[in-house]
Amino acid sequence: MDGDGFGVGWYGSRVTPGVYRSIQPAWNDRNLRDLAAQIASPLFLAHVRAATETAVQQSNSHPFRYGKWLLVHNGVIDNFQQIKRELVLAIAPELYPAIEGTTDSEIMFYLALTFGLTNEIVNPLLSRRGNYPLSIVHYQFLNESLVQAVV
């Protein structure tokens, strides 16, 4: 079992999705059951974390959120330490201050936000993602529905 933290994200009636993250294992979090009983949503993302090369801290727990977007990623980005500097420098300066943690997943999220979350950008990302799936979701249901999911 992955016990280095967990998180859930959901889209409700507000523009910005809700997020709850913890460094505890999900099965030890006393608030999770109460929170889950109170939230109703047509779309949830959940993630359990097994830390690889980064610290067990709340800012490294998924999902990551920026505006209307959520990201969860399970796994590692191949050769991340060798390409990290180049990737970080490619992030838009106005997005960089929003980065809170130290994970490869969060860096890839902000790169996707920098270059645009369209199929022209996401499909090449998929071909280089490493060994595990990546999910990026934006869901809007007030005026129209849009789901962008990459698995």
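0 is the number of the first residue of the sequence shown in numbering that gives the first Met the number 0; add one for each residue after it.
The beta-carbon is built from N, C-alpha and C at its ideal position, and this holds for glycine as well.
Here the structure is a predicted model, which means the values were calculated and not measured.
Please return the same chain residues whose Cβ sits closer than 6 Å to the Cβ of residue i, not counting the five positions on each side in sequence.
| i | result |
| --- | --- |
| S60 | G4, G6, R20, R48 |
| A91 | T113 |
Residue i to residue j, Cα distance in whole Å?
| i | j | result |
| --- | --- | --- |
| P24 | T101 | 19 Å |
| P96 | A45 | 25 Å |
| V87 | E99 | 13 Å |
| Q37 | E85 | 42 Å |
| T51 | A35 | 28 Å |
| R13 | A89 | 31 Å |
| M107 | D28 | 28 Å |
| V18 | D33 | 15 Å |
| R128 | G115 | No answer about R128 holds up, because its pLDDT of 48 lies below 50 and its placement is not dependable. |
Kindly indicate which three-state DSSP category residue i falls into: helix, strand or coil?
| i | result |
| --- | --- |
| A35 | helix |
| A45 | strand |
| R13 | coil |
| L88 | helix |
| L70 | strand |
Are the Cβ atoms of residue i and residue j separated by less than 7 Å?
| i | j | result |
| --- | --- | --- |
| Y65 | L42 | no |
| E105 | F63 | yes |
| I76 | D103 | yes |
| P16 | L70 | no |
Measuring alpha carbon to alpha carbon, tell me which of the options ends up nearest residue i.
| i | options | result |
| --- | --- | --- |
| G2 | P16, S12, W26 | W26 |
| E93 | L86, E85, Y109, R84 | Y109 |
| S58 | A111, I22, V14 | I22 |
Among residues of its own chain, excluding the 5 on either side of residue i, which ones have a beta-carbon nearer than 7 Å to its beta-carbon?
| i | result |
| --- | --- |
| L31 | A25 |
| S40 | W9, Y10, G11 |
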